[in-house]
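A short write-up of the structure that comes next.
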Amino acid sequence: MVAKPYFIFALILLAGEILFGISMGIQYLYGDFLFPAIPFNVLRMVHVNLLIVLLLFGFMGATYYLIPEESERELWSPLLAKITFWVFAVAGVLTILGYLFVPYATLAQITFNDLWPTMGREFLEQPTITKIGIVFVVLSYILNVTMTVLKGRKTTISIILLTGLFGLAFFFLFAFYVPDNLVMDKFFWWFVVHLWVEATWELILGALLAFVLIKTTGVDREHIDKWLYLIIAMTLISGLAGTGHHFFYIGTPGYWLWIGSIASAAEPIPFFLMILFAWNMVKNRRIQHNNHAALTWAKGTAVMGFLGAGVWGFLHTLAPVNYYTHGTQLTAAHGHLAFFGAYVMICFTLISYAMPILRGRPHGNGPKAQKVELISFWLMVIGMIGLTLALTVAGVMQIEMQRIPDSVNALSFMDTQTRIATVYTVRLLFGLMVLSGLLTYFYSFFVKEPKVSM
Amino acid sequence: MSERITKNMARNIYFGGGLFAILVFTGLTFDTVNQIPKLSHENTMTKSVALGKKVWEDNDCIGCHTLMGEGAYYAPELGNAYKRLGAGDEKTFKEYLSGWMAAQPLDVPDRRKMPQFHLTPEQIDNLADFLIWTSKVNNQEWPPNIQG
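Listed in order, the protein sequences are those of chains F and L.
Counting in the working numbering, the first sequence runs from 1 upward without gaps.
Counting in the working numbering, the second sequence runs from 1 upward without gaps.
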């Protein structure tokens, strides 16, 4: 039951996430929009920080839901989970309000960034005090989950989930290391950013997906476990050295050009295995679960995760290609589809599976509500694909005009951006489609069903 | 394929492969950390460069700009700003930068806007030193051309 507030709050944050994204899309076209009240960097800070926090809430809700079931016992401390929720929610909201209403430099000053500077780096903009808060929240969460697992039944899923969570906690510690040397700073910054997204979070993703597949297909656990091990083995083998694809052009040794390219060429494999995994389990299913929506989200996660993280990642992961694509809209295209396809969608999968049960409908929502939910699924998925394609075109145009010509003939950054305006309009329209999908999803919670006797 | 692999084999692939990857990555990390001082010319990193990095972070410049290709894609790359805007001359670049910072936000309708940060002349000088130092890092000759 403690999972419910986590899920609801994650969805609220997702709404904020999309609204801020759309505001940025407008500012890309009309620089005066919301300026000077909210400059672009503040919008972006809120946009990316909301994403991180909403995914953490989603993961926490998901674990608090599934760990008691996997362990076959009550959560070690439901009270601690509730307290953690409120501490994290209040701290998160305060931080976002700080971004919005206080100039960043002032925020840095009043949160003692001079004493221990950790701010002003992409994705790690949080004031040091918030970062310390995150550590405490994550530690109490891990303590709660670990104690539950230790005292109950230990399954492959819960062990892998725990491994992912410990990794998440360990690598976040690098957020506190900010050397004066920019290159050193950038190098270790990726220990948080890449090793979260392309290693430890993937373990969490795999475990969550396996859980939902067990529940909705009734396939034998031994079989699912085997797949899960293979997937996360490939994740770690390719993902760790794959960090190298971020070490091409930031002042690190040249051998990363080779190691990064080769290792990250293998990074789509675990995502491809996930597709095979989901399809295989659905094909061999032993039970007909009535929650079709949850199963659609599960299959969708596998496919979209592969497209966003695998295909769009591979598009520009080889060093000679990356030389031109590095820091263009292509990076943004990959980022959007990967985060949505892999991580936002796994949260939807879990919410779609667990929420009906938490609301007293063990067999899933009624057919009318599920129909609405499926419409929202397609609106969001097609919206995100459209948005990604638009950003891809924008990236290619940017490379053509600004990067490929020699220094004399190349257009400047701002001139190039002006010429891409039409494509940015298309991106914005698809962003609105994603928003309409989320609103439809919210609506599906309130669809009234005629009473059916089961 | 998976029919021929048992769960135990899969688990061993995970532990063995994972451990191997961790060891390789740790080894490469040590070597990289040893090489970075040379590649980044750490001996030319003055107090002013470090202070400039702090100015850069305290004002979240990365929220709009990229630096060596990383950051937001809303405003121009600044890793080579010294070469592009100062033509590689320190005095020219510093004059350009303080003039530019003073003129913000530009009064051009619909143009993307840079906020006015009210930096002191020392802070601008530090920021310039930081950007000059950054432009000299050996980063495999990226970006492809001066437009970044």
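Virtual Cβ for every residue (Gly too), placed ideally from N, Cα, C.
Minimum C-alpha distance to residue i - residue among the options
| i | options | result |
| --- | --- | --- |
| residue 250 (chain F) | F:189, F:440, F:231, F:37 | F:189 |
| residue 475 (chain F) | F:236, F:388, F:159 | Lying outside 1 to 454, the shown extent of chain F, residue 475 (chain F) is not represented and no answer is given. |
| residue 144 (chain L) | F:393, F:335, F:325 | F:325 |
| residue 269 (chain F) | F:70, F:307, F:445 | F:307 |
| residue 101 (chain L) | L:128, L:77, L:21, L:109 | L:128 |
| residue 283 (chain F) | F:87, F:219, F:98 | F:219 |
| residue 236 (chain F) | F:223, F:378, F:266 | F:266 |
| residue 349 (chain F) | F:303, F:314, F:332, F:310 | F:303 |
| residue 441 (chain F) | F:204, F:381, F:135 | F:381 |
| residue 294 (chain F) | F:347, F:261, F:260 | F:347 |
| residue 46 (chain L) | L:142, L:83, L:126 | L:126 |
| residue 399 (chain F) | F:289, F:296, F:323, F:131 | F:323 |
| residue 276 (chain F) | F:379, F:12, F:230, F:11 | F:230 |
| residue 317 (chain F) | F:272, F:339, F:256, F:296 | F:256 |
| residue 413 (chain F) | L:92, L:73, L:118, L:98 | L:73 |
| residue 58 (chain F) | F:88, F:104, F:289 | F:88 |
| residue 374 (chain F) | F:327, F:195, F:444, F:78 | F:444 |
| residue 96 (chain F) | F:372, F:248, F:125 | F:125 |
Other residues of its chain near residue i: CB distance less than 7 Å, five sequence neighbours each side excluded
| i | result |
| --- | --- |
| residue 24 (chain F) | 40, 43, 44, 47 |
| residue 240 (chain F) | 199 |
| residue 449 (chain F) | 366, 368, 369 |
| residue 285 (chain F) | 217, 218, 219 |
| residue 454 (chain F) | Only weak support exists for where residue 454 (chain F) lies, its pLDDT of 46 falling under 50; the coordinates are left without a value. |
| residue 292 (chain F) | 370 |
| residue 16 (chain F) | 50 |
Rounded C-alpha distance that separates residue i from residue j
| i | j | result |
| --- | --- | --- |
| residue 244 (chain F) | residue 23 (chain L) | 14 Å |
| residue 178 (chain F) | residue 263 (chain F) | 27 Å |
| residue 120 (chain L) | residue 104 (chain L) | 14 Å |
| residue 67 (chain L) | residue 58 (chain L) | 15 Å |
| residue 357 (chain F) | residue 139 (chain F) | 28 Å |
| residue 155 (chain L) | residue 216 (chain F) | Outside the modelled stretch of chain L, which goes from 1 to 148, sits residue 155 (chain L), for which no answer is possible. |
| residue 140 (chain L) | residue 254 (chain F) | 7 Å |
| residue 33 (chain F) | residue 38 (chain L) | 44 Å |
| residue 431 (chain F) | residue 300 (chain F) | 19 Å |
| residue 278 (chain F) | residue 65 (chain F) | 21 Å |
| residue 405 (chain F) | residue 331 (chain F) | 20 Å |
| residue 85 (chain F) | residue 159 (chain F) | 23 Å |
| residue 101 (chain F) | residue 38 (chain F) | 9 Å |
| residue 128 (chain F) | residue 227 (chain F) | 40 Å |
| residue 135 (chain L) | residue 82 (chain L) | 7 Å |
| residue 132 (chain L) | residue 329 (chain F) | 26 Å |
| residue 390 (chain F) | residue 202 (chain F) | 27 Å |
| residue 428 (chain F) | residue 197 (chain F) | 26 Å |
| residue 344 (chain F) | residue 225 (chain F) | 23 Å |
| residue 34 (chain L) | residue 42 (chain L) | 12 Å |
| residue 274 (chain F) | residue 76 (chain L) | 38 Å |
| residue 84 (chain L) | residue 115 (chain F) | 35 Å |
| residue 146 (chain F) | residue 155 (chain F) | 12 Å |
| residue 80 (chain F) | residue 143 (chain F) | 10 Å |
| residue 321 (chain F) | residue 28 (chain F) | 26 Å |
| residue 214 (chain F) | residue 54 (chain F) | 25 Å |
| residue 56 (chain F) | residue 97 (chain L) | 40 Å |
Close-in-space but distant-in-sequence residues of the same chain around residue i (CB under 6 Å, 5 per side omitted)
| i | result |
| --- | --- |
| residue 137 (chain L) | 40 |
| residue 113 (chain L) | 105 |
| residue 108 (chain L) | none |
| residue 61 (chain F) | 3, 6, 7 |
| residue 212 (chain F) | 298, 349, 353 |
| residue 71 (chain L) | 62, 65 |
| residue 92 (chain L) | 86 |
| residue 416 (chain F) | 398, 401, 402 |
Own chain, CB closer than 8 Å to residue i, minus 5 neighbours either side, in chain order
| i | result |
| --- | --- |
| residue 419 (chain F) | 397, 401, 411 |
| residue 123 (chain F) | 48, 49, 52, 192, 193 |
| residue 18 (chain F) | 431, 434, 435, 438 |
| residue 311 (chain F) | 268 |
One or two residues paired with residue i in a DSSP bridge
| i | result |
| --- | --- |
| residue 67 (chain L) | L:70 |
| residue 77 (chain L) | L:66 |
Test: residue i CB closer than 8 Å to a CB of chain B
| i | result |
| --- | --- |
| residue 226 (chain F) | Protein chains F and L are contained in the structure displayed, whereas chain B is not. |
Q) If you scan the region 313-360 of chain F from start to end, which runs of the beta strand (DSSP E) of 3 or more residues do you find wholly inside it? A) none
(Q) Could you tell me which whole beta strand (DSSP E) segments of length 3 or greater appear in the region 81-128 of chain L? (A) none
Q: Tell me the start and end of each unbroken alpha helix (DSSP H) in the region 100-143 of chain F that is at least 4 residues and wholly inside, in chain order.
A: 104-110
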